[in-house]
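**Student:** Residue numbering for the sequence shown follows numbering that gives the first Met the number 0, beginning at 0 and increasing consecutively.
We put the CB at the ideal spot given by N, CA and C, even for glycine.
In this text the structure is predicted, and so the values were computed from the model without any measurement.
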Amino acid sequence: MKTEISKYFFILTVSFLTLSCVKVLDYDIPDDEKRIVVNSHFSVNDTFKAHIYKSLHILDRKGIKAIDNAVIQIFEDDVFLTEINHGPTGNYKGLVPFKPGNTYTLSVSAPGLGTATSSTTIPFRYKS
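(1) Taking the beta strand (DSSP E) that A109 belongs to, which residues open and close that run?
(2) Between the Cα of L94 and those of G100, G111, G113, I71, spot the shortest distance and give me the residue it belongs to.
(3) Determine, for T119, whether the minimum Cβ-Cβ distance to residues of chain D falls below 8 Å.
(4) Anyone know if the C-beta pair for Y52 and G89 falls short of 8 Å?
(5) Give the single residue among L58, F41, T114, T104 whose Cα lies nearest to the Cα of D27.
(6) What's the C-alpha gap between S37 and G100?
(7) Taking C-beta to C-beta, are P110 and N68 nearer than 8 Å?
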């Protein structure tokens with residue numbers, strides 16, 4: 000009985016090892032155009048903070064490249080509020096605090112990379 004279980008276990012193990020072999024596929028992944036990557040944070044009565052980077056190709060091993068010549072425009076309820084220029088090492092900071100209930104639109108542009116935009120509404124504080 001014990002040898003029979005060992006025999007089945009051996010066959011099962013060999014089957015899994017054989018089925019788990021991976022075939023390597025040669026596939027050229029197109030090198031898409033670089034885009035702007037925006038990581039930003041803002042909240043009620045706080046100022047704007049953002050890190051701006053270039054996108055990476057999936058096989059790129061060089062690391063993240065900060066964009067230090069981006070232009071950031073902030074709109075409050077579709078009205079231009081402020082512009083932020085040239086942050087060192089991709090770090091940008093604004094001076095205008097955000098107000099609850101208002102919708103803010105962020106427009107980030109950089110030479111040769113186009114423009115990235117996003118919008119959000121700052122929520123009111125929760126009172127428990």
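**Tutor:** On the basis of the coordinates in this document:
(1) Here residue 109 refers to the residue found at position 110 of the sequence shown. First-last of the beta strand (DSSP E) with A109: 102-109.
(2) If you number the sequence shown from 1, residue 94 lands on position 95. Ranking G100, G111, G113, I71 by Cα distance to L94 puts I71 first.
(3) No chain D appears in the structure shown, which is made up of a single protein chain.
(4) By one-based count along the sequence shown, residue 52 stands at place 53. By one-based count along the sequence shown, residue 89 stands at place 90. Yes, they are a contact pair.
(5) As a position in the sequence shown, residue 27 is number 28, starting the count at 1. Per the Cα distances, L58.
(6) What you label residue 37 is simply residue 38 of the sequence shown in a count that begins at 1. What you label residue 100 is simply residue 101 of the sequence shown in a count that begins at 1. Before going further, note that residue 37 is Val rather than Ser in the sequence given. If you take the alpha carbons of V37 and G100, they lie about 23 Å apart.
(7) Indexing the sequence shown from 1 puts residue 110 at position 111. Indexing the sequence shown from 1 puts residue 68 at position 69. It is a contact, given that the beta carbons lie within the stated cut-off.
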